[in-house]
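Beneath this line is the structure, given in structure tokens, with notes to follow.
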Amino acid sequence: MGRYDGRVAVITGSARGIGFAIATRLAEEGASVAVVDLDEAAATEAAGRLPLTEGARAVGIGADVSRSADVDAAIARAVEELGGIHVLVNNAGITRDNLLFKMTEDDWDLVMGVHLKGAFLMTKAAQAHFVAQKYGKILNLSSVSALGNRGQANYSAAKMGVQGFTRTLGIELGPYGVNANAIAPGFIATEMTDATAARLKMDVEEFRRLSGEANPVRRVGFPEDIAATAAFLCSDEASYITGQTLYVDGGATLV
Ligand code: NAP
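Residue numbers for the sequence shown follow our numbering, so the first one is 217 and each next one is one higher.
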């Protein structure tokens, strides 16, 4: 028996990186999964690679989480094609890093649009189902950058906003059988952090090595570290936990 047998999970930005690792882990534990990502072909290809258990299904759905029409259509399709929705993971993310004096209005709006408006729209669409069935799990991706990070005024503000959003969901939706929590990852080796290395004109392996050395556990994180945490927080074993943000960062924020 898997923890997610008979459950349907909708995971945004899950064609690759952390989102794909979460999709993989929930599929291994029995879930049917909707892989929602900007590019429907990439989402469908990723859905085809999930290690589904018997009777589970997966679908790839193209949607921009910052557009309400896309979001409503994506949730409706997931519910129709997979038979419901029990878990929502708001993982889609982008960075548009720059020092404040060089940051453009577009850099600000794009980052807020994906992380904050995207999580708001997806959650609003999903909660209608969750409240009606008195069951739902919401997981939002924050970041250690919520605590402040040079060159990330937009991303940092969005990721701390995600934490406030999560706490409020905990308060509003708790009485309806819905849990909402967040994970704040530290350095996780994905294309997002590879892009940061490129921006800093550093070799990817060297960037990872230096980032790992700065951590108490002396390594960088991997998408599977976040997936294991997600699989716990979205399970019934975590039903007394809500509104929380768990830092999964190898101790980076301790030092
Ligand atoms: P990633 O490898 O860049 O993957 C992000 C995914 O989100 C991509 O597939 C991307 O699609 C998709 N996406 C972007 N904008 C979207 C939109 N408007 N609608 C739907 N999908 C969209 O990133 P990651 O490293 O896995 O990060 C996943 C989450 O964890 C993000 O929220 C990120 O902020 C957070 N996080 C990451 C780290 C880290 O160290 N990696 C640390 C802390 C927090 P395209 O490929 O088409 O752009």
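Virtual Cβ for every residue (Gly too), placed ideally from N, Cα, C.
From a predicted model like this one, the values you see are computed outputs, not experimental measurements.
Enclosing beta strand (DSSP E) for SER248 [first to last residue]: 248-253
When you measure from the CB of GLY367 to every non-hydrogen atom of ligand 3, does any distance come out below 7 Å? Ligand 3 is absent from the structure shown, which contains only ligand 1.
Taking 7 Å as the line, does the beta carbon of ALA430 fall inside it for any heavy atom of ligand 1? no
Cβ-heavy atom distance, ASP322 to ligand 1, below 7 Å: no
Grouping DSSP H, G and I as helix and E and B as strand, with all else coil, what is ALA405? coil
Sub-8 Å separation of GLY352 and ALA342 beta-carbons: yes
Per-residue DSSP class, three states only, for LYS353: strand
Spatial distance of ALA348 from ALA243 (CA atoms): 25 Å
Mark GLY467 as exposed unless 16 or more other C-beta atoms lie within 10 angstroms of its C-beta, in which case mark it buried. exposed
Comparing alpha-carbon positions, which option in ASP313, THR269 and VAL226 lies nearest VAL252? VAL226
Mark PHE381 as exposed unless 16 or more other C-beta atoms lie within 10 angstroms of its C-beta, in which case mark it buried. buried
Any heavy atom of ligand 1 within a distance shorter than 7 Å of the CB on GLU407? yes
Cβ-heavy atom distance between LEU254 and ligand 1 below 7 Å? yes
Could you check whether the Cβ of GLY264 sits closer than 7 Å to any heavy atom belonging to ligand 1? no
Which residues in the same chain have their Cβ closer than 7 Å to the Cβ of GLU434, if we skip the five residues on either side of it in sequence? The sequence as given places Arg at residue 434; Glu does not occur at that position. Counting only Cβ-Cβ distances below 7 Å, and skipping sequence neighbours, we find GLY428.
Is it buried or exposed, LYS375, if we count other Cβ atoms within 10 angstroms and call 16 or more buried? buried
Can you tell me which of ARG424, ARG293 and GLN460 puts its alpha carbon nearest to the alpha carbon of ILE399? GLN460
Quick check on this structure: which residue in PRO439, VAL471, PHE423 and THR409 has the alpha carbon closest to the alpha carbon of PRO432? VAL471
Could you say which of ASP323, ASP313, VAL327 and ALA446 lies nearest to ARG415 if we only look at CA atoms? ASP313
Bridge partners of ALA228, per DSSP? In the sequence on display, residue 228 carries Thr and not Ala. Bridge partners of THR228: VAL252.
Beta strand (DSSP E) runs wholly inside the segment 287-347, at least 3 long, in chain order: 303-306
Using beta-carbon positions only, say whether ASN356 and VAL327 come within less than 8 Å of one another. no
Taking 7 Å as the cut-off, is the CB of ALA308 close to at least one heavy atom of ligand 1? yes
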